[in-house]
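Enquirer: Have a look at the structure that comes next, please.
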Amino acid sequence: MESGEATGIELLKHLFPRSGGAYVIGVTGSPGAGKSTLVEKLAGEYRRSGLRVGIIAVDPTSPFSGGAILGDRIRMQALSTDDGIYIRSMATRGHLGGLAPAAHDVVTILDAAGCQVVLVETVGVGQDEVEIARHADVTALLLVPGMGDDVQTFKAGVMEIADLYVINKADRPGADRVEQEVTAMLSMAPPRDGWHPPVLRTVATTGEGIAPLREALEQFRVFGEQHALRLERQREQWRARLLELLRQNLFESVIGELRDGALESRVEDVLAHRRDPHSVVEELIGEFRRAQGKGSERTP
Ligand SMILES: Nc1nc2c(ncn2[C@@H]2O[C@H](COP(=O)(O)OP(=O)(O)O)[C@@H](O)[C@H]2O)c(=O)[nH]1
Ligand SMILES: [Mg+2]
Numbered sequence: 002m003e004s005g006e007a008t009g010i011e012l013l014k015h016l017f018p019r020s021g022g023a024y025v026i027g028v029t030g031s032p033g034a035g036k037s038t039l040v041e042k043l044a045g046e047y048r049r050s051g052l053r054v055g056i057i058a059v060d061p062t063s064p065f066s067g068g069a070i071l072g073d074r075i076r077m078q079a080l081s082t083d084d085g086i087y088i089r090s091m092a093t094r095g096h097l098g099g100l101a102p103a104a105h106d107v108v109t110i111l112d113a114a115g116c117q118v119v120l121v122e123t124v125g126v127g128q129d130e131v132e133i134a135r136h137a138d139v140t141a142l143l144l145v146p147g148m149g150d151d152v153q154t155f156k157a158g159v160m161e162i163a164d165l166y167v168i169n170k171a172d173r174p175g176a177d178r179v180e181q182e183v184t185a186m187l188s189m190a191p192p193r194d195g196w197h198p199p200v201l202r203t204v205a206t207t208g209e210g211i212a213p214l215r216e217a218l219e220q221f222r223v224f225g226e227q228h229a230l231r232l233e234r235q236r237e238q239w240r241a242r243l244l245e246l247l248r249q250n251l252f253e254s255v256i257g258e259l260r261d262g263a264l265e266s267r268v269e270d271v272l273a274h275r276r277d278p279h280s281v282v283e284e285l286i287g288e289f290r291r292a293q294g295k296g297s298e299r300t301p
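In the working numbering, the protein residues as written are 2 to 301.
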C-alpha cells in the first residue's frame, strides 16, 4: 500500500469486507509530549487483556526529526517480540495533510488482520492533528505541563477535535495549571456530539494513569455506539475518503492522458501571459474528456 502499487489496492479490495471491527484510536499532541511512550504503554495495557493491537506511527519525513524516529523504533522494539502487536512506522512523504497517504488503507489492513485495537500516533506538527480525527474512532490529545502549551495558545482547531484530553508528564510541576485551563475551556464550550471530554493525567514513562485512560477510551466507545455517534462519524469519514480518492484518481487520470510536453508548453503560455491558467485547465480537461469519449462510448 505504501509504495502505491496496484497489487496493494487489489489486496485491499479483498480484505475490506473483513475490516470494520477495530477500534481506531488516534493519539496526537506536540512533538515530545510523550505520544510514543504512551502508545507503547497503552498497547501493553490492551495486550494484557488479550486483544491484538496494531500501531501506526506516522513519521515526519524531515531529516531534523530523524533522531526522534529512531528513538521511537528502538523503544517500541520492546513490544515487537510480541506477535499480538504489529508496529508500522510510516513516512509522511511530504504529503500536505501530514498523515502518510497510505495511513487510511494501512488501518484497514490491520483491522482486517484481526487487530481489535489500532493506535495511530501522529507526528504532532500541523495539519495532521486535525486530520487524524478523520481517520480515528476516537482522538486523544496529549498536553504537557510547562511546555508553553497553554490552552489559550494551542493551535486553533486542535482542541476541538479531541474526545479525550490527556495531561501527560503529570509528574512535572504545572499539571494542575494545565488541567484548570483545559477544564475552564471545556466548561465554556458546548459538549461536542453530546459527549463531555474527560481530562485525564498520565505519566507515560511509569505507566501511571494508563489503565484509567483505557477505561475512558472504552467509555467513549460505548457512548459512541449508544448514541450512534460512531456510525455518524464513520459516515462522514467515508464520505471524505471517497471524495479524496475521487479527487486523486481523477487528477491522476487527467495527468496520465497528457501528451509529452503538453503541460510545459502551457506553462510557457501562462508565463508569457499569452493565456490565463483557468482557460488552460478547462482546455486540458476538455481534451481529457474527448480522449475518454473516443476510448469508450460508455458514459459513467
Ligand atoms: N517525566 C516524564 N517524561 C516523559 C513522560 N512521557 C514521556 N516522557 C519522555 O518524553 C520524551 C519524549 O517522549 P516521546 O514518547 O518520544 O514523545 P513523542 O514525540 O510525543 O512521541 C522521552 O524522553 C520520554 O521518555 C512522562 O510522563 N513523564
Ligand atoms: Mg513519537
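Using N, Cα and C, we set each Cβ at its ideal position, and we do this for glycine too.
Alpha carbons only, please: which of L143, M91, A292 is nearest the one belonging to S31?
Expert: L143
Enquirer: Give me the Cα-Cα distance between H105 and R275, rounded to the nearest whole angstrom.
Expert: Roughly 42 Å separates the two Cα atoms.
Enquirer: Any heavy atom of ligand 2 closer than 6 Å to the beta-carbon of S37?
Expert: yes
Enquirer: Quick one: using the 10 Å Cβ neighbour count with 16 as the cut-off for buried, is V223 buried or exposed?
Expert: exposed
Enquirer: Applying the 10 Å Cβ sphere with the 16-neighbour rule, what's the burial state of H136?
Expert: buried
Enquirer: Which one of L12, V59, G45, Y87 has the shortest CA to CA distance from G27?
Expert: V59
Enquirer: Compare the Cα-Cα distances from V107 to each of S20, L247, W196 and report the closest residue.
Expert: S20
Enquirer: Do V200 and E182 have their beta-carbon atoms positioned less than 7 Å apart in this structure?
Expert: no
Enquirer: Out of curiosity, what's the CA-to-CA distance linking L165 and E11?
Expert: Near 36 Å, if we compare the C-alpha coordinates of E11 and L165.
Enquirer: Return yes when the Cβ of I162 is within less than 7 Å of the Cβ of K42, no when it is not.
Expert: no
Enquirer: Would you say the beta carbon of G147 is closer than 6 Å to some non-hydrogen atom of ligand 1?
Expert: no
Enquirer: On the CB-based measure, 16 or more other CB atoms within 10 Å of its CB, does A2 come out buried or exposed?
Expert: Residue identity differs from the one stated: residue 2 is Met in this sequence, not Ala. Classification for M2: buried.
Enquirer: How far does the beta strand (DSSP E) with I168 in it reach, from first residue to last?
Expert: 165-168
Enquirer: Restricting to Cα atoms, I'd like to know which of E6, Y24, K14, L187 is closest to L232.
Expert: Y24
Enquirer: Based on Cα-Cα distance, which residue from L272, E219, H228, E284 lies nearest to V255?
Expert: Looking at the Cα atoms, E284 is the closest of the given residues.
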